[in-house]
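Participant: Sending over a structure as structure tokens; questions will come in a sec.
Chains as they are written, first to last, in the working numbering: chain A, 19 to 360; chain B, 9 to 490.
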């Protein structure tokens, strides 16, 4: 008996939301530290981060009169920002709650506990010191759930969807974070001497600093960091690794032809000889292309497995190639957001 | 601090744990001496452990009108309620008798209607029942059984008699809480279970699966059974997913299912459509199939009724089964048992007046303070009036509602529900309770040992529904050592 399409979709999304909560938490932590490190005259704010993570419009809507604290609140605690740590955890929790019959029950308990803890802590007035603790707990909690599934769930189709969701979200987050760095440095010669701090922060936000040092054994440079985070085959949050991981998971799913071929496009994009010789503006453009391809891959995954054809014949759905990138950032709202008719 | 039971005073009510002279009843002796040795302080600690476990395990029920916060922690009292096994055996026989007769009755109503022809049940009573579904006439569910899962509410009156208060034959809920209550009680009172004289309840899920599988139209080794839920906003969503998980079957929503041109039901999977044999549906009758009932229903599956009538899929409970849990039909259950089985009812009904009867109506409306008035088709304690506690306005409103639609109301005397010791704000006090056992009927029939004990947490309250401030307890059927 095969896995339900709806369940596959929710497992996939639970992985994406967990990964997003973890990375956003680490990003907020690292970025906060970076701001503390830089001298005031560098005038580096959270705006760039908000801009690049695609939340600027929403941010200005929610905080017409921003203060020093509002950007971090927006990233971490805000219920109305669907990409905040709190909202990501809530959506991960909902996804797992609605697949409780399939995923191991310990995973549900962990995500429930984590969400309750974070929610309570965020509701309390939080000092900087305590916020550090919250971020550590989010990162640990997400990794615990991920490890728990790896060790206690059958590595069947359901688990493959978890791997696919996680690696897709990772690719998305890693490229976005690189984009933040590129955009921050672009046209800011005055920041050039803080280059190192910034690229170090990028590595830290992806838990990559230690592994990077071990591998390269020399000082930090933008070129090396970009190469490492895009092309390294051994570091789990590097794009090349994530795409390979995604390929391995997709290979174990039925009817995977279209998705695998779209993944091939992404890998070819990454293999473009010029990608590492790009200047920051070129990198920014390349990342846009990669994001677009990721969006198309997501749409293809959804069309193949989550919303297959409704005809009662047993034929697989005909392949549909999406021309434009859909909103691949949040789960289709009809799934768990809309209350049913009374 | 040891527990001073002399302070515990259930007044003139029948208490489940203590007899009228204040001694522990035989089935409760062990429990009471154990609780005494723990003391109030330790007991309160264990209650906190239980509350924490409930929050962490995410055992919830959902309240409709709560905006964003849709699930609430399940309210649980750590002190179990005990029933002696010999008494339970009689109750079990009574429940089996009752459901067997009710299923014969439903099958008769949708076929030859002999019971009406023979004048035992008046015809207009069925004709005016909102739960009688013309779309089900002539249908043939497996084994002639329409209500496969039944939850009957039992109450004990002052003199110790156990009555059936109502039968829930549509989509009864609560069984998951019965199972979780036991799991939690084992965690917080592990010592009590080492000398196992308490009947286990944890094979419910496998009994349920076997019963559902016995309904499969395809006689294959592993029929595909699914649980159909209205979704996470339903008050019993926790239970739907819990039961699916325990049975190892898929939890589906209406949009996951589709009826094919061959009038078979299929589920959407990552490999395409796959045939479904049995649907344990937790969606109300009229939302099952927009082709047949509520046109706007997004919860159901178009064509489902056609597939069911063609016997290509089994639905549990069968649509239309609710005709027999109408509270007006309830009044006739003793005659129904007599008619189909030729036996006297083992478990008595609560005396019930039908307000369609003019004389009864006058009598009740003249004296509303002394009656409980219930609408015929509501569940969850909604729309009910408890005379002694009702305000003048509530009584006026109820009188008007009854006059407007007398067929829809029944009245029962106020019962002195039994009590049991309950931990309320770190003190042990008597609280009123009931019991909902679950009965499964497919090829065979089986009753849960015990059931879900629901307790009214407010002092003096008789309303045990979780949607109205009720809690719950673990229920122990205790076999005494001879």
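Glycine included, each C-beta is placed from N, C-alpha and C at the ideal position.
Please read these numbers as outputs of a predicted model, since none were measured by experiment.
(1) According to DSSP, is residue 109(A) part of a helix, a strand, or is it coil?
(2) Distance check for residue 176(A) and residue 30(B), CA to CA, integer angstroms please.
(3) Touch check for the region 278 to 292 of chain B and the region 255 to 270 of chain B: three-plus C-beta pairs under 8 Å?
(4) Return yes when at least one heavy atom of the ligand MN lies under 6 Å from the C-beta of residue 256(A), else no.
(5) Quick one: which chain A residues come within Cβ less than 9 Å of residue 258(B)?
(6) Leaving aside the five residues before and after residue 122(B) along the sequence, list all residues of the same chain whose C-beta is less than 8 Å from its C-beta, in chain order.
(7) What does DSSP give as the partner residue(s) for residue 454(B) in the beta ladder?
(8) Taking just the CA atoms, how far does residue 465(B) sit from residue 479(B)?
(9) On the DSSP bridge assignment, give the partners of residue 484(B) in chain order.
(10) Please report the straight-line C-alpha distance between residue 428(B) and residue 167(A), rounded to a whole angstrom.
(11) For residue 142(B), which of 202(B), 261(B), 248(B) and 317(B) has the nearest alpha-carbon?
(12) Residue 37(A) and residue 188(A) - do their beta-carbons sit closer together than 7 Å?
(13) Alpha carbon to alpha carbon, what distance is there between residue 69(B) and residue 52(B)?
(14) Quick one: which unbroken beta strand (DSSP E) runs of 3-plus residues sit fully inside the region 263 to 347 of chain B? Chain order, please.
(15) Between which residues of its own chain and residue 118(B) is the CB-CB distance below 7 Å, once the five residues before and five after are set aside?
(16) Taking residue 2(B) as the reference, give the member of 126(B), 35(B), 205(B) and 303(B) with the closest Cα.
(17) May I have the straight-line CA-CA distance separating residue 357(B) from residue 276(B), to the nearest angstrom?
(18) May I ask which residues mark the beginning and end of the alpha helix (DSSP H) holding residue 64(A)?
(19) Does residue 142(B) come out as helix, strand or coil in the three-state DSSP assignment?
(20) Can you list, in chain order, the residues of the region 124 to 135 of chain A whose Cβ is nearer than 8 Å to any Cβ on chain B?
(21) How long is the line joining the alpha carbons of residue 262(A) and residue 109(A), rounded to whole angstroms?
(22) Which of helix, strand or coil does DSSP assign to residue 440(B)?
(23) Please state the DSSP three-state secondary structure of residue 393(B).
(24) Look up residue 205(B) in the DSSP assignment and say whether it is helix, strand or coil.
(25) Keeping to the same chain, check which residues put their C-beta closer than 8 Å to that of residue 44(B); ignore five residues upstream and five downstream.
(26) Given a limit of 9 Å on CB to CB distance, which residues of the region 464 to 487 of chain B reach chain A?
(27) What is the residue span of the beta strand (DSSP E) that residue 159(B) lies within?
(28) Which one of 84(A), 141(A), 72(A) and 78(A) has the shortest CA to CA distance from residue 104(A)?
(29) Mind pulling the chain B residues with CB within less than 9 Å of residue 272(A)?
(30) Rounding to the nearest angstrom, what Cα-Cα distance links residue 209(A) and residue 100(A) in this structure?
(31) Does residue 33(A) come within less than 7 Å of chain B when only Cβ atoms are used?
(32) Can the beta-carbon of residue 119(A) be found less than 7 Å from the beta-carbon of residue 361(B)?
(33) Closest to residue 158(B) by C-alpha separation, out of 32(B), 333(B) and 131(B), would be which residue?
(34) Strictly below 9 Å CB to CB, what residues from chain B border residue 181(A)?
(35) Could you check what DSSP says for residue 213(A) in three-state terms: helix, strand or coil?
Facilitator: The short version:
(1) Numbered from 1 along the first chain, position 91 holds the residue referred to as residue 109(A). Helix at residue 109(A).
(2) For this step, residue 30(B) is matched to residue 22 along the second chain. For this step, residue 176(A) is matched to residue 158 along the first chain. Computed Cα separation, rounded: 57 Å.
(3) yes
(4) This structure does not include the ligand MN; it has no bound ligands of any sort.
(5) Walking along the second chain from the start, residue 258(B) turns up at place 250. Under the 9 Å cutoff, chain A gives 19, 21, 22, 25, 119 and 120.
(6) Taking the first residue of the second chain as 1, we reach residue 122(B) at position 114. For residue 122(B), where only same-chain residues beyond five positions count, the Cβ hits under 8 Å are 116.
(7) Numbered from 1 along the second chain, position 446 holds the residue referred to as residue 454(B). Note: residue 454(B) sits in a beta bridge opposite 448(B).
(8) Counted from its first residue, the second chain places residue 479(B) at position 471. Counted from its first residue, the second chain places residue 465(B) at position 457. So the alpha carbons of these two residues sit roughly 6 Å apart.
(9) Residue numbering aside, residue 484(B) sits at position 476 when the second chain is read from its first letter. BP columns for residue 484(B) point to 90(B).
(10) In the second chain, the residue the question calls residue 428(B) occupies position 420. In the first chain, the residue the question calls residue 167(A) occupies position 149. In a straight line, the C-alpha of residue 428(B) is about 43 Å away from that of residue 167(A).
(11) The residue labelled residue 142(B) in the question sits at position 134 within the second chain. Nearest of 202(B), 261(B), 248(B) and 317(B) to residue 142(B), Cα basis: 317(B).
(12) Numbered from 1 along the first chain, position 170 holds the residue referred to as residue 188(A). Numbered from 1 along the first chain, position 19 holds the residue referred to as residue 37(A). Against a cut-off of 7 Å, the Cβ pair of residue 37(A) and residue 188(A) comes out as a contact.
(13) For the purposes of this step, residue 52(B) is identified with residue 44 of the second chain, where counting begins at 1. For the purposes of this step, residue 69(B) is identified with residue 61 of the second chain, where counting begins at 1. Going from the Cα of residue 52(B) to the Cα of residue 69(B) covers about 23 Å.
(14) 265 to 267, 273 to 277, 280 to 284, 286 to 289 and 322 to 324
(15) For this step, residue 118(B) is matched to residue 110 along the second chain. The residues are 144, 145, 146, 147 and 328.
(16) Given a span of 9 to 490 for chain B in the structure shown, any question on residue 2(B) remains unanswerable.
(17) Position 349 of the second chain, counting from 1, holds the residue named residue 357(B). Position 268 of the second chain, counting from 1, holds the residue named residue 276(B). Each residue's Cα considered, the two are about 45 Å apart.
(18) Residue mapping note: residue 64(A) aligns to position 46 of the first chain, counting from 1. Neither: residue 64(A) is in no alpha helix (DSSP H) and is coded neither H nor E.
(19) The residue labelled residue 142(B) in the question sits at position 134 within the second chain. The three-state secondary structure of residue 142(B), taken from DSSP, is helix.
(20) 126, 127, 130, 131 and 134
(21) Here residue 262(A) refers to the residue found at position 244 when the first chain is read from its first residue. Here residue 109(A) refers to the residue found at position 91 when the first chain is read from its first residue. Spanning the two alpha carbons is a distance of roughly 27 Å.
(22) Within the second chain, numbered from 1, the residue matching residue 440(B) stands at position 432. Residue state, collapsed to three classes: strand.
(23) Residue 393(B) sits at position 385 when you count from the first residue of the second chain. Reduced to three states, the DSSP call for residue 393(B) is strand.
(24) In the second chain, the residue the question calls residue 205(B) occupies position 197. In the structure shown, residue 205(B) sits in coil (DSSP, three-state: anything other than H, G, I, E or B).
(25) Counting from 1 along the second chain, the entry for residue 44(B) is found at position 36. The answer, listed in chain order, is 10, 11 and 13.
(26) none
(27) Translated into positions along the second chain, residue 159(B) becomes position 151. Looking at the DSSP string, the run of the beta strand (DSSP E) that includes residue 159(B) is 157 to 164.
(28) Taking the first chain and counting its residues from 1, the one referred to as residue 104(A) is at position 86. Closest option to residue 104(A), Cα to Cα, is 141(A).
(29) Walking along the first chain from the start, residue 272(A) turns up at place 254. Within chain B, 278, 279 and 280 have C-beta atoms less than 9 Å from the C-beta of residue 272(A), given in sequence order.
(30) Taking the first chain and counting its residues from 1, one reaches residue 209(A) at position 191. Taking the first chain and counting its residues from 1, one reaches residue 100(A) at position 82. Roughly 31 Å separates the two Cα atoms.
(31) Your numbering for residue 33(A) matches position 15 in the first chain. No - not a single Cβ of chain B is within 7 Å of the one on residue 33(A).
(32) In the first chain, residue 119(A) corresponds to position 101, counting from 1. In the second chain, residue 361(B) corresponds to position 353, counting from 1. No.
(33) On the second chain, position 150 is the one that residue 158(B) refers to. Cα-wise, what sits closest to residue 158(B) is 333(B).
(34) Stepping through the first chain from its first residue, residue 181(A) is reached at position 163. What residue 181(A) touches in chain B: nothing, since even the nearest Cβ is about 14 Å away.
(35) Against the first chain, residue 213(A) aligns to sequence position 195. Looking at residue 213(A) - three-state DSSP - the assignment turns out to be helix.
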